[in-house]
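Number of protein chains: 2
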Amino acid sequence: MYNYNLTGKNKYYTLYSLIREDILRGKIKGGERLPSKRVFAAELGVSVVTVQLAYDQLLAEGYIRSKERSGFFAESVAEGLNKDRSAPVKPECEPAEEKFKLDLVHGNTPPNMFPFSVWARLIRAVLADCGEHLLERVPCDGDKQLKRAISAYLYRSRGIDVDPRYVVVGAGAEHLYGVIVQLLGRDKIYAVENPGYGKISFTYALNGARCLPVNVTEQGIDISVLEQSQAAIAHVSPSHQFPTGVVMPVSARSRLISWAKNSSGYIVEDDYDSEFRLTGKPLQCMCGLCPERVIYMNTFSKSLAPSMRMGYMVLPPELYERFLKIFSSSANFVPLFEQKALARMLDGGYFERHLNRLRNYYRAVHAALLKRLAALPERCEVADTGSGLHLIAKFPDAKSDGQIKLLAAARGIRLKCLSDYLLAPMAGVDGCAVINYSALTPNALSEI
Amino acid sequence: MYNYNLTGKNKYYTLYSLIREDILRGKIKGGERLPSKRVFAAELGVSVVTVQLAYDQLLAEGYIRSKERSGFFAESVAEGLNKDRSAPVKPECEPAEEKFKLDLVHGNTPPNMFPFSVWARLIRAVLADCGEHLLERVPCDGDKQLKRAISAYLYRSRGIDVDPRYVVVGAGAEHLYGVIVQLLGRDKIYAVENPGYGKISFTYALNGARCLPVNVTEQGIDISVLEQSQAAIAHVSPSHQFPTGVVMPVSARSRLISWAKNSSGYIVEDDYDSEFRLTGKPLQCMCGLCPERVIYMNTFSKSLAPSMRMGYMVLPPELYERFLKIFSSSANFVPLFEQKALARMLDGGYFERHLNRLRNYYRAVHAALLKRLAALPERCEVADTGSGLHLIAKFPDAKSDGQIKLLAAARGIRLKCLSDYLLAPMAGVDGCAVINYSALTPNALSEI
Chain A
1 MYNYNLTGKN KYYTLYSLIR EDILRGKIKG GERLPSKRVF AAELGVSVVT VQLAYDQLLA
61 EGYIRSKERS GFFAESVAEG LNKDRSAPVK PECEPAEEKF KLDLVHGNTP PNMFPFSVWA
121 RLIRAVLADC GEHLLERVPC DGDKQLKRAI SAYLYRSRGI DVDPRYVVVG AGAEHLYGVI
181 VQLLGRDKIY AVENPGYGKI SFTYALNGAR CLPVNVTEQG IDISVLEQSQ AAIAHVSPSH
241 QFPTGVVMPV SARSRLISWA KNSSGYIVED DYDSEFRLTG KPLQCMCGLC PERVIYMNTF
301 SKSLAPSMRM GYMVLPPELY ERFLKIFSSS ANFVPLFEQK ALARMLDGGY FERHLNRLRN
361 YYRAVHAALL KRLAALPERC EVADTGSGLH LIAKFPDAKS DGQIKLLAAA RGIRLKCLSD
421 YLLAPMAGVD GCAVINYSAL TPNALSEI
Chain B
1 MYNYNLTGKN KYYTLYSLIR EDILRGKIKG GERLPSKRVF AAELGVSVVT VQLAYDQLLA
61 EGYIRSKERS GFFAESVAEG LNKDRSAPVK PECEPAEEKF KLDLVHGNTP PNMFPFSVWA
121 RLIRAVLADC GEHLLERVPC DGDKQLKRAI SAYLYRSRGI DVDPRYVVVG AGAEHLYGVI
181 VQLLGRDKIY AVENPGYGKI SFTYALNGAR CLPVNVTEQG IDISVLEQSQ AAIAHVSPSH
241 QFPTGVVMPV SARSRLISWA KNSSGYIVED DYDSEFRLTG KPLQCMCGLC PERVIYMNTF
301 SKSLAPSMRM GYMVLPPELY ERFLKIFSSS ANFVPLFEQK ALARMLDGGY FERHLNRLRN
361 YYRAVHAALL KRLAALPERC EVADTGSGLH LIAKFPDAKS DGQIKLLAAA RGIRLKCLSD
421 YLLAPMAGVD GCAVINYSAL TPNALSEI
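Same order as they appear, the protein sequences are chains A and B.
Take the first sequence: its letter number 172 is residue 172 in our numbering, and every next letter is one higher.
Take the second sequence: its letter number 305 is residue 305 in our numbering, and every next letter is one higher.
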């Protein structure tokens, strides 16, 4: 019956995706009993742990339920939330072991762009100036000096006036997603964008919360679906949605804020790449519009270096008080050293100078990329908002997304399509390549 | 009815403790409905969030359950697990704002003991040698060099032969407790020692797992209770239990291992202060006896400095594979910088030299403390195993634990009693002061 073919690295994720797809498409009916973990593992030729992990994820996301001593059963998936059932959900497989010349899926800022000598100088200065104070315990919400520096930076760069008190420093976005679940509760439903950045729903689920994928329209997350749902939290990236690139217009932002106010819900505003708006100014943050209902979040992993596990969020005052109540006796996860050095980098203007350099660099990459796409033999339409480090290239004549990826692979290019980022089925996403150009260099483009 | 008096800083914890005590003592009957959050908050003169947090904690620990649209109800607490119901559970209140001359509750290694110049030199050397490699993403389980250094250190200091592959580096103990819940599941029951270090059960509960407090006998955690329970994980500190100071004898260790083998359970061996055995050699780790059922865990926050959020665990091979499956696409939380510097500190022998200095220092503190206790006008019996940085001083003539703390406060000393660390009621713990001497100096003792 379950004729699944599990290959590649991430077997449990593939299994999870295949079962989910069959539940969503009605191939596995609501109430149907799934095979026991041991039987299933033997049948598929994988370990019991693989099946266990897939079931755990399905349980966390509400696709199946467990009954004591009788096993796992498929849920009847609520009608109406995602109307289109025909489009299959493609499992987000890890690539085979081939080496690609060009990776347009992952990608980090080129390391030579990082102002290493400045950073090293700041580290040495912190070491000399702070001395043994560096050994002191850091308060749970982070070093005061860094909190102030982030607040001042947000004012300069995003025009929002944030009391430094409400800034909470954490060890990167994944850590902060977990803190949000601990703050708001794992009994709540977390609406996430579909298609979206899989790490968000994965991390919420890993922390025991239930996620509801809500389709992204041309105006961002579909607020009418949100309004009819039981979701208490909406995790959105209004300044530049990943992977669609949609920028949420002001009308949708105010409707989303009304939803949060009326339902006493919270909006997590994930501003993960707003630094990389290449043309014009970014739209005003939602957090500036309604500080009592919006948790603003950003990270330095993308703009500085992937090894910098530092991010922050700005909490509404009420949530900040709750944070203190829960974590007052805990120390912050980020070493004081890194916090002090980053504070100096922000206060000294080094970070903004670094961003300016990066933006200039990416403007050149972006222009070369557009030129290269225009010169392709295939018909190609580029959807580009001049923001962030990715864009969508639509190939209307492609037979399937698989064909797009195979053609790219034949040229030594690794890429994914919009359909690879689906958390639930959705129509109209076929033929769209997601081009993440953060690790691209102008030279690399001329070689292919 | 609920005539609770909530004062001090940590109101929600006090409220949680008071309700739990009343449930355990039968003052609140199983099935009894608790007041709604709003009504209760108004009655007690606290915020709704305070009541919410207290209820959340009680829910997570299984003392109450919630029924949709009808509210919160007390559970009938299982008989027999903790036989003694008469001893009240004292809420672990935060101290009032008074200033104490001497803190025997919290306490960090004196900062001047930290080899700061060595550390600063290593940091500068790492900066110069590794350069831009420091910007690279750290694999989810930590830097290879640090993993190897920890494995070699464990062999030298604890005589255990650990494959470096199975070492996982994390941002301190609290972070690793959370990872354990993500690895083993929040549907499991986690047995914790009673009395015990409150942060352990607190962090498990915060991560959505249920904790079962199991009394500590003279042989460590009561394994007969464990054997009759539904617990799947036992979190223990066999080398030096906090706060009782009990060292688990070998017979109990092997019985505990049999329990884990027979029930397919796991033991978390929290070796948090084994470095501070002042006389003789520590007992062999449980992890060396049964690597497939024991998760060994330790931290550097205690031995180096409280700002060093670095800990590690050694996973059984099966769990390590599961860890990789879950976290393969995540980066480690600890900056590469700190990991490289610590690896050099371990490999260069600096860490062990530092520990030797610390142990010599604490031997002097320990001797001065015993002398001071012997000179007290009150009758005092010291239970001391020559291990760790705390001991138990019993005052048989004290009228109550409150009297002990008041008398200490009158001399400018802040301390707690065994009963303050109870997670569930237990007889025979009265009159015992827990003296944490990690922040003590020989001079401070002569002043009081």
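C-beta atoms are modelled at their ideal positions from N, C-alpha and C, and glycine is treated no differently.
Since I believe residue j is in contact with residue i (beta carbons under 8 Å), could you give me their beta-carbon distance rounded to a whole number of angstroms?
| i | j | result |
| --- | --- | --- |
| K340 (chain B) | C130 (chain B) | 6 Å |
| K37 (chain B) | A74 (chain B) | That belief does not hold up - the Cβ atoms of K37 (chain B) and A74 (chain B) are roughly 15 Å apart, past 8 Å. |
| K325 (chain B) | Y12 (chain A) | 6 Å |
| A490 (chain A) | L212 (chain A) | Past the edges of chain A, shown from 1 to 448, lies residue 490 (chain A), and the structure says nothing about it. |
| N443 (chain B) | L104 (chain B) | Not really, about 15 Å apart at Cβ, beyond 8 Å. |
| L315 (chain B) | V168 (chain B) | 6 Å |
| H193 (chain B) | Q241 (chain B) | Rather than His, the amino acid found at residue 193 (chain B) in this sequence is Glu. Going by Cβ atoms, the distance from E193 (chain B) to Q241 (chain B) rounds to 6 Å, so yes, they are a contact pair. |
| L102 (chain A) | R414 (chain A) | 7 Å |
| R121 (chain B) | F333 (chain A) | Actually they do not touch by this definition, with Cβ atoms about 26 Å apart. |
| A209 (chain A) | V181 (chain A) | 5 Å |
| L358 (chain A) | T109 (chain A) | 7 Å |
Checking contacts by CB at 8 Å: is residue i closer than that to chain B?
| i | result |
| --- | --- |
| Q219 (chain A) | no |
| L206 (chain A) | yes |
| H235 (chain A) | no |
| E338 (chain A) | yes |
| C93 (chain A) | Because C93 (chain A) sits at a pLDDT of 34, beneath the cut-off of 50, its placement in the model cannot be relied upon, and the following sentence gives the value as read from the coordinates. No, no contact with chain B. |
| F114 (chain A) | yes |
| G386 (chain A) | no |
| G265 (chain A) | no |
| S38 (chain A) | Reading off the sequence shown, one finds Arg at residue 38 (chain A), where the question assumed Ser. Answer no: the Cβ-Cβ gap between R38 (chain A) and chain B never drops below 8 Å. |
| V49 (chain A) | yes |
| L53 (chain A) | yes |
| K67 (chain A) | no |
| E174 (chain A) | yes |
| A171 (chain A) | yes |
| A252 (chain A) | no |
For residue i, name the three-state secondary structure that DSSP assigns.
| i | result |
| --- | --- |
| G71 (chain A) | strand |
| I19 (chain B) | helix |
| L342 (chain B) | helix |
| H235 (chain B) | strand |
| D420 (chain B) | helix |
| E136 (chain B) | coil |
| S66 (chain B) | strand |
| V434 (chain A) | strand |
| A42 (chain B) | helix |
| E32 (chain B) | coil |
| V334 (chain A) | coil |
| E378 (chain A) | coil |
| D347 (chain A) | helix |
| L226 (chain B) | helix |
| L102 (chain B) | strand |
| A383 (chain B) | strand |
| K11 (chain A) | helix |
| A120 (chain B) | helix |
Does residue i have its Cβ less than 8 Å from a Cβ in chain A?
| i | result |
| --- | --- |
| E97 (chain B) | Below a pLDDT of 50, predicted positions are generally treated as unreliable, and E97 (chain B), at 43, falls in that range; no measurement from the model is reported. |
| K27 (chain B) | no |
| S229 (chain B) | no |
| P164 (chain B) | no |
| R414 (chain B) | no |
| L127 (chain B) | yes |
| P111 (chain B) | yes |
| A78 (chain B) | At A78 (chain B) the pLDDT is 43, less than 50, meaning the model places this residue with poor confidence and gives no usable figure here. |
| E75 (chain B) | no |
Fill in: Unbroken stretches of the beta strand (DSSP E), 3 residues or longer, contained in the stretch 143 to 222 of chain A
167 to 170, 189 to 194, 210 to 217
Item to complete: Mind checking the stretch 133 to 147 of chain A against chain B and listing, in chain order, the residues whose C-beta falls within less than 9 Å of any C-beta there?
Response: H133, L134, L135, E136, R137, V138
Discussion item. As an exercise, report each continuous alpha helix (DSSP H) stretch of at least 4 residues that is fully enclosed by the stretch 390 to 415 of chain A, in chain order.
Written reply: If we require 4 residues or more, the alpha helix (DSSP H) runs fully inside the stretch 390 to 415 of chain A come out as 401 to 410.
Worksheet item: Residue ranges of each beta strand (DSSP E) run of no fewer than 3 residues wholly in the stretch 245 to 325 of chain A, ordered along the chain?
Response: For the stretch 245 to 325 of chain A, the full-length beta strand (DSSP E) segments reaching 3 residues or more read 266 to 270, 294 to 299, 311 to 314 along the chain.
Worksheet item: Going along the stretch 181 to 205 of chain B in order, which residues come within less than 8 Å of chain A, judged by CB to CB distance?
Response: Those residues of the stretch 181 to 205 of chain B that come within reach of chain A (Cβ to Cβ, closer than 8 Å) are Q182, G185, R186, K199.
Discussion item. For the stretch 280 to 314 of chain B, list every residue whose C-beta sits within 9 Å of some C-beta in chain A, in sequence order.
Written reply: S301, L304, A305, P306, S307, M308, R309, M310
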